[in-house]
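Residues 3 to 986 (our numbering) make up the sequence shown, in order.
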Amino acid sequence: MTNNFLSYLGGFSSLRTLCLQGNNLQGTLHLQDFYNLKKLDLSQNRIESLQSSYGSGRHLKLISLEEIDLSSNLFNNNIFAELSGFLNLKSLNIRWNQLNGSIDVKEFCGWSNLESLDLSENEVNQFMTYEETRCLQKLKVLYLDAVSTDGNTSLVSLLEAFPFVKTLFLRDNCFLNKTMVNTQLHVLRNVENLIMDYTPLHINFLESIGILTSLKALSLFNCGLTGTLPAHGGLCFLNHLEELNLKGNDLAGAIASCLVNLTFLRYLDISNNHFTGNIASTPLTNLTMLQFLSFSKNQFQVPVSFRSFANHSNLKALLANENKLVAEPAGFQTWLPKFQLKIFSLLNCTIEEHGKLQLPNFLYFQHDLRYVDLSYCNFGEIRFPHWLLQNNTRLQELYMIDSSIAGPLTLSPHPNLKLSVLDISNNRIQHEIPRNFCSLFPYVEFLIMSKNAFKTTIPLCFSRMQRLERLDLSHNNLFGGIPEELATSTSLLRIRLSNNSLSGKIIPAIYHLIGSLEALYLDGNKFEGDISDVSTISSKSLQVLDLSNNRFSGKLPRWLWNHTDLWVLDLSKNRFEGLIPMELCNLVSLEFLDLSLNHLSGTIPSCSNLQMMKHVHLANNRLSGTLSKALCKSSSLVTLDFSENNLTGRIPGWISTLPALSVLLLKANQFHGEFPLHLCRLQSLSILDLSQNKLSGHVPSCLSNLTFKPKSEKSHINSANYGFGSFDHVLVDMGLTIYNLTKDYMGSVFPLRKYDHFTFAEEKIEFSTKGATYTYKGNILDLLSAIDLSCNQLTGIIPPGLGNLSEIRGLNLSHNNLTGPIPSTFSKLKQIESLDLSFNHLNGRIPPQLTEMDALEVFNVTHNNLSGPLPDRKAQFGTFDESSYEGNPLLCGLPLNKSCNHDDSRGTSSALASEEEHGLLGMGDFYISFAVSYAIMFLTTIIVLYINSYWRQACYYFIKDGSITCYFFVVDSLYRLPCFRRNI
């Protein structure tokens with residue numbers, strides 16, 4: 003939209019609300035006099051100034067305007083003069099512009115009705131004020147987030163001009179001196195709600211804050227507070243405090259007993275700290291006005307009965323995640339709670355008596371729960387708590403992931419019409435899914451039952467669950483096929499049926515499923531058949547399709563290329579054959595492609611428009627031709643795996659133009675020519691495998707210019723998260739000030755947990771190291787950094803600069819023609835776990851400094867020309883046996899059975915010198931006698947064979963048979979070598 007658009011709005015004299023957010027308006031904006039306009043939104047444009055459309059000298063006359071949003075534009079300090087005519091303004095948002103330096107508060111005096119002002123994300127360091135100036139007396143809410151990020155601004159210079167503010171936001175600031183803030187708190191004397199999240203503070207702040215007796219809500223989330231809470235004064239003097247958030251700091255020790263003075267406290271969050279002690283002995287048990295209490299992620303001991311909170315009749319939300327549960331003493335009596343919780347979370351708690359604690363008994367007496375999370379707590383083998391659903395008919399979300407549930411899934415006969423999320427994955431639930439499941443939970447939206455032991459067919463009733471969006475039954479023992487009825491569901495968006503025993507053909511079910519789904523996972527089953535001839539399926543919603551690890555055959559499905567919104571396509575580990583069609587280039591949104599372990603042939607298509615691609619896997623096929631043209635030139639490409647094909651030619655230069663490339667796997671092809679120097683430009687490279695090719699020339703020293711640092715991007719694949727809405731609703735109903743003020747802010751202080759069950763794809767690679775081939779994925783893949791140049795024809799010395807690759811964990815240069823010594827600089831490879839230099843022509847001594855490689859697990863220098871004593875048997879070198887050194891006859895010392903004794907070596911050297919001296923004296927006579935003897939024997943043999951025809955014929959057949967036998971012996975032996983077999 004252009005600025006001229008506003009000229010067409012002149013006739014709308016009755017306009018009350020005008021929103022022009024994000025319309026690319028630029029420069030000066032000329033506004034009409036909309037006399038009735040009350041709300042104007044010009045945010046997220048590139049506007050620099052506002053002027054009247056009736057002339058540059060005339061002030062804007064939006065006399066009825068009460069609310070204006072100018073955030074995310076390019077306004078400077080002149081904007082205040084331009085807005086001076088807005089006499090009825092109540093709310094002004096000018097966040098994220100180009101305000102800077104000092105601002106005179108007199109420019110605000112015309113806004114006598116202003117109640118809310120947002121100047122955040124600007125570079126303002128002072129508001130000048132004067133004693134006679136009493137402006138903005140109605141201003142109650144002030145946002146000054148991230149206005150002081152350089153540490154050069156004081157608290158007084160910012161806030162002295164706003165004495166009437168009741169709610170103050172000072173998030174993401176960095177004041178002149180953390181301790182000086184404590185002496186300037188008097189400027190906050192009238193503030194009732196103070197939000198200072200992400201602003202670094204000294205622990206003394208909590209001791210000085212006692213002077214702010216008007217405070218009702220205080221939020222200090224992630225402020226870097228360290229040490230213990232003050233035992234006297236300070237925080238404990240805030241007798242009117244109703245809400246306190248200390249989450250995400252580094253506070254430790256016991257909770258100060260003086261907190262018992264905060265008798266009006268309704269909200270308390272001390273999670274993500276290092277507090278210790280038994281929760282029953284803390285002052286928390288006396289704060290009976292609490293409605294919300296979170297002490298998650300600390301080091302508390304929590305009695306599993308939770309009887310400490312028996313008198314908290316107002317308690318609605320209790321979060322005790324990641325602490326230690328302890329059993330009550332013998333003879334403990336069951337108690338009746340006075341509270342009725344709506345939120346209860348006991349996520350990921352350790353249990354003192356492993357496998358002996360049961361679910362908290364007070365849950366039997368709860369009837370108003372909306373959200374329950376009991377995941378990742380080992381309660382022993384418990385049965386599914388169907389009574390929890392029966393007693394709490396308004397329960398909306400239940401999470402019991404990895405909670406040691408065993409046995410059959412027994413359900414209550416009473417339906418639960420409110421349940422929207424049920425996650426009971428990663429347990430040991432057996433047998434069938436109850437037949438009345440769908441009627442008991444008809445409105446479930448997310449149903450996650452993966453990683454159990456269900457042995458059944460897919461229930462047909464799932465297709466009749468009207469709100470079911472995500473269904474995960476993966477990693478069970480399901481059998482049979484995909485019911486066609488499932489494809490008739492109008493609500494299903496994501497289905498994961500991975501790693502079961504489902505079988506048969508998926509036509510025609512897949513025809514209807516793909517037409518409506520966003521994600522379909524059928525990997526790890528026994529599906530079969532040709533799916534290439536399915537009628538054309540058109541869908542703009544399909545984003546993920548995973549059919550890997552099945553038995554599909556035929557050509558790649560033609561209908562795939564119509565799904566232009568696909569992000570993930572995984573057809574690996576099947577029996578697809580034929581060419582990769584050029585229509586692959588239609589998938590312009592594709593980020594992950596895996597066609598590996600099939601029977602695909604032909605050349606790799608060139609697709610210059612796949613700009614979103616991050617991971618490409620085409621390994622273990624029959625692809626041929628050169629790589630002169632790129633599959634894709636995506637600047638975000640991270641993984642390129644063309645291993646174990648029949649690709650030929652030189653490694654092309656376009657690979658070096660991929661700035662994000664971290665994993666390059668080209669092993670077991672037929673690439674030739676010298677090692678490509680352009681690969682040294684890949685600054686993001688962390689895994690390089692060019693083994694089993696025909697590369698020649700030297701190992702380039704420029705490899706030492708790369709860091710080969712671990713990269714987290716290697717395993718990162720976008721995922722679809724789902725969270726919980728019931729949590730939000732409950733907190734809104736409580737009327738909590740901190741929650742209402744911060745819920746929309748980036749990095750909200752609230753523990754809205756999200757699950758990643760629908761990760762689009764799992765990135766994994768195969769890499770050979772330590773004498774075996776491993777599959778790497780997740781965090782392990784992120785940490786892997788390695789080079790494999792084995793089984794080539796490389797010559798020359800090993801560049802000493804490779805010792806600078808301090809982050810590398812594996813280096814394999816075996817089966818080449820390398821010469822010279824082993825560089826002593828390898829001692830700097832402190833992270834290396836596997837070093838293979840076998841089957842080369844290396845000489846000299848093994849550097850004794852290599853014992854400094856503390857992480858080394860595999861060391862192989864077999865079949866070289868190394869000599870001299872072995873390194874001392876200390877650190878990791880004390881674990882290597884003679885198999886690491888065989889094929890080097892001149893090596894000596896433990897663990898070899900060859901001593902390096904000094905006297906023996908001196909005697910041996912003298913004997914060798916004597917033999918060499920005598921040998922040199924008679925060497926001429928030896929050559930003459932040898933030549934004469936050879937001539938006599940040769941002539942005698944010729945004469946005998948000429949005279950005797952029988953011997954002549956026998957000799958001919960003997961030579962013929964011997965030649966044939968030797969020929970096949972040599973061929974058979976060479977074929978057994980992997981390097982030779984890949985190159986023929």
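C-beta: ideal position from N, C-alpha, C; glycine also.
It should be emphasised that the depicted structure is a prediction, and the values quoted were computed from it without experimental measurement.
For residue i and residue j, I'd like the C-alpha separation in whole angstroms.
i	j	result
Asn794	Asn814	11 Å
Phe367	Val262	28 Å
Arg396	Glu487	30 Å
Lys779	Lys766	4 Å
Glu434	Leu494	22 Å
Gly526	Ile353	35 Å
Ala256	Pro362	25 Å
Asn429	Leu442	21 Å
Ser86	Tyr145	20 Å
Leu733	Leu743	12 Å
Val2	Arg97	Given that the chain is displayed from residue 3 to residue 986, the structure contains no residue 2 and the question cannot be resolved.
Lys41	Ser16	12 Å
Asn251	Ser826	46 Å
Asn80	Gln100	10 Å
Thr215	Leu243	8 Å
Gln46	Ser658	38 Å
Val126	Phe171	15 Å
Ile426	Leu852	51 Å
Ser273	His234	22 Å
Helix, strand or coil for residue i? Go by DSSP, reduced to three states.
i	result
Gln392	helix
Val570	strand
Arg755	Confidence is the limiting factor: at Arg755 the pLDDT is only 47, short of 50, which leaves the residue's position unreliable and the question unanswerable from this model.
Ile353	strand
Lys766	strand
Cys137	coil
Glu579	strand
Ala258	coil
Tyr378	coil
Tyr887	coil
Arg18	coil
Asn814	strand
Cys902	coil
Met402	coil
Val193	coil
Lys528	strand
Lys635	coil
Thr155	coil
Out of the options, point me to the one whose CA is closest to residue i's CA.
i	options	result
Cys631	Asp643, Asn623, Lys616 and Thr605	Looking at the sequence provided, one finds Lys at residue 631 rather than Cys. For Lys631, the nearest C-alpha among the options comes from Thr605.
Ser829	Glu809, Glu84 and Leu820	Glu809
Pro165	Thr151, Phe177, Leu141 and Asp174	Leu141
Gly409	Arg385, Asp425, Val423 and His865	Arg385
Leu519	Lys507, Val304, Ser298 and Leu547	Leu547
Which residues does DSSP list as the beta-bridge partners of residue i?
i	result
Pro410	Gln432
Tyr778	Ile767
Glu487	Answer by DSSP bridge pairing: none, since Glu487 is not bridged.
His32	Gln53
Leu42	Leu20 and Ile70
Pro850	Paired residue(s): none; Pro850 is not in a bridge.
Thr458	None; Thr458 has no bridge partner.
Lys557	Glu579
Tyr523	Arg498 and Asp548
Met130	Asp106
Asp790	Asp691 and Asn814
Using 7 Å as the cut-off, classify the Cβ of residue i as near or not near the heavy atoms of the ligand MN, replying yes or no.
i	result
Pro339	Because no ligand of any kind appears in the structure shown, any question about the ligand MN cannot be addressed here.
**Message:** I'd like the ranges of any beta strand (DSSP E) spanning at least 3 consecutive residues and lying wholly in the region 86-112.
**Reply:** 93-95 and 102-106
**Prompt:** Taking the runs of the beta strand (DSSP E) that are 3 residues or longer, which of them lie wholly in the region 221-292?
**Reply:** 245-247, 252-255, 269-271 and 276-280
**Request:** Identify every run of the beta strand (DSSP E) within the region 578-627, keeping only runs that are complete inside it and at least 3 residues long; order them along the chain.
**Result:** 594-596, 601-604, 617-619 and 624-627
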